[in-house]
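Every letter in the sequence shown is one number past the one before it in numbering that gives the first Met the number 0, and letter 221, counting from 1, is 220. Report on one structure; see the data block that follows.
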Amino acid sequence: MPTLKKKTEDEKEDEWYIHIPNKNGGAPPVYTIQVKDEGRDILLDLNLNHVNAPNRKADLDWDLFYTLDELGLLYTYNTDYEPGDAVPSSGTFKHLDGLSDSQRASFANSLLDRFSTATLFQHEHILDFFLTLEDLPERHRTELLVRLLADTPFDVDPIEDSKKVFANYAKYLIDSDTEGYNPVLLALVVHFAYKSWDDGPEIYNDLISSNEGRPVWIWEDWVSMAGGELMFYSVVEEMDNQIPDPLYDLAVRMSDGYGGRLYNWLECEMSALCAAQTVAEMGEQNWALHEFAKAGFSSGWASHCVILPRPPNHTEPTPGDAFDEAVTDAKSELVAKAERIDFSTD
Numbered sequence: 000m001p002t003l004k005k006k007t008e009d010e011k012e013d014e015w016y017i018h019i020p021n022k023n024g025g026a027p028p029v030y031t032i033q034v035k036d037e038g039r040d041i042l043l044d045l046n047l048n049h050v051n052a053p054n055r056k057a058d059l060d061w062d063l064f065y066t067l068d069e070l071g072l073l074y075t076y077n078t079d080y081e082p083g084d085a086v087p088s089s090g091t092f093k094h095l096d097g098l099s100d101s102q103r104a105s106f107a108n109s110l111l112d113r114f115s116t117a118t119l120f121q122h123e124h125i126l127d128f129f130l131t132l133e134d135l136p137e138r139h140r141t142e143l144l145v146r147l148l149a150d151t152p153f154d155v156d157p158i159e160d161s162k163k164v165f166a167n168y169a170k171y172l173i174d175s176d177t178e179g180y181n182p183v184l185l186a187l188v189v190h191f192a193y194k195s196w197d198d199g200p201e202i203y204n205d206l207i208s209s210n211e212g213r214p215v216w217i218w219e220d221w222v223s224m225a226g227g228e229l230m231f232y233s234v235v236e237e238m239d240n241q242i243p244d245p246l247y248d249l250a251v252r253m254s255d256g257y258g259g260r261l262y263n264w265l266e267c268e269m270s271a272l273c274a275a276q277t278v279a280e281m282g283e284q285n286w287a288l289h290e291f292a293k294a295g296f297s298s299g300w301a302s303h304c305v306i307l308p309r310p311p312n313h314t315e316p317t318p319g320d321a322f323d324e325a326v327t328d329a330k331s332e333l334v335a336k337a338e339r340i341d342f343s344t345d
């Protein structure tokens, strides 16, 4: 096991380094690996400070070593070997089982503080670690989900209750492994969806055309649209280019994506989550709108739903603009004008 050491008692002003006995054979007998300042700070976040330990050293979990190396936080000085050379060839390092629940939560937050999600989740073992966080105590798990969903329209509830959401949407999820989802996986895919869709007007206009006169709901900075099975073709290419490969591949496998594409996930799981969030939001705004949305999705008048950011300077006429007045009337309990919403399947 790696041994974490330091040269002085001042944990902030001198280098930390790692000693690893060479069990792969050959020279050197002991690897000496340096820890960059950012890596040191992550270890401090985990309370792995070894200043007061005997001989100022402490064991370091192999999973942590492997993760720090993958993220470029380890280096060697004047040697003919690299940090990765010290990793046992038979090892598998994915889940950081040696950490407590609070340390696992802290480690996840430390990584999110210091690296973009695009950088983190191109590493399969880091994705695997985050997926294990499903079993964190509720407080830690909720804090993580809130952070991942921060720039999306989603509350934690539909993500946490995804099995119930998908059960209500079951007729559109025939080929998907909905029992295998965990909330962290869903939050991550949703997170990248909204990183892909932040350009606004062009995608928004494409979706308006595929909306085909079906309902549009508006709240705060979001627009929810119901539509048919083709409505995601205008957005899937953006996601294809943005989502890291390990996460993309997992989402495709879970939704049984045709030809290795993410489209199945968007038109099934994403639609189900968007429908659930839309119904919940309407419940916050007005009982009548909530009942309209809930009854509409339950009756199957539209098989798909998407929520997009509302472009701040959008000038083209849209169904959403026409619906603003209906929302205002409905809030004052004058819901007659809301009848302009077309719930037909024609």
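Built from N, CA and C at the ideal position, the CB exists for glycine as well. As the structure is a computational prediction, the values presented were derived from the model and not from experiment.
Alpha carbon of residue i to alpha carbon of residue j, nearest angstrom
{"i": "residue 243", "j": "residue 83", "result": "23 Å"}
{"i": "residue 375", "j": "residue 132", "result": "Examination of residue 375 is not possible in this model, given that the chain is present from 0 through 345 alone."}
{"i": "residue 323", "j": "residue 217", "result": "Its pLDDT being 45, under 50, residue 323 is placed unreliably in this model, and the coordinates cannot settle the point."}
{"i": "residue 79", "j": "residue 115", "result": "31 Å"}
{"i": "residue 263", "j": "residue 47", "result": "43 Å"}
{"i": "residue 162", "j": "residue 271", "result": "11 Å"}
{"i": "residue 72", "j": "residue 35", "result": "5 Å"}
{"i": "residue 238", "j": "residue 266", "result": "13 Å"}
Opening and closing residue of the beta strand (DSSP E) in which residue i lies
{"i": "residue 215", "result": "215–218"}
Residue i (DSSP reduced to helix, strand or coil)
{"i": "residue 275", "result": "helix"}
{"i": "residue 29", "result": "strand"}
{"i": "residue 19", "result": "strand"}
{"i": "residue 78", "result": "coil"}
{"i": "residue 231", "result": "coil"}
{"i": "residue 247", "result": "helix"}
{"i": "residue 412", "result": "Beyond the ends of the chain as shown, which are 0 and 345, falls residue 412; an answer cannot be given."}
{"i": "residue 270", "result": "helix"}
{"i": "residue 242", "result": "coil"}
Per DSSP, cross-strand counterpart(s) of residue i
{"i": "residue 226", "result": "303"}
{"i": "residue 2", "result": "18, 58"}
{"i": "residue 308", "result": "221"}
{"i": "residue 73", "result": "34"}
Residue i - containing alpha helix (DSSP H), residue span
{"i": "residue 152", "result": "Neither: residue 152 is in no alpha helix (DSSP H) and is coded neither H nor E."}
{"i": "residue 133", "result": "From DSSP, residue 133 is part of no alpha helix (DSSP H); its letter is neither H nor E."}
{"i": "residue 83", "result": "Neither: residue 83 is in no alpha helix (DSSP H) and is coded neither H nor E."}
{"i": "residue 37", "result": "36–44"}
{"i": "residue 190", "result": "182–195"}
{"i": "residue 112", "result": "100–113"}
{"i": "residue 161", "result": "161–167"}
{"i": "residue 137", "result": "137–147"}
{"i": "residue 119", "result": "116–119"}
Exercise for the section: Decide if the region 137–149 is in contact with the region 106–126; the criterion is three or more beta carbon pairs, one per stretch, under 8 Å apart. Expected result: In short, these stretches touch, since the Cβ pair count reaches three.
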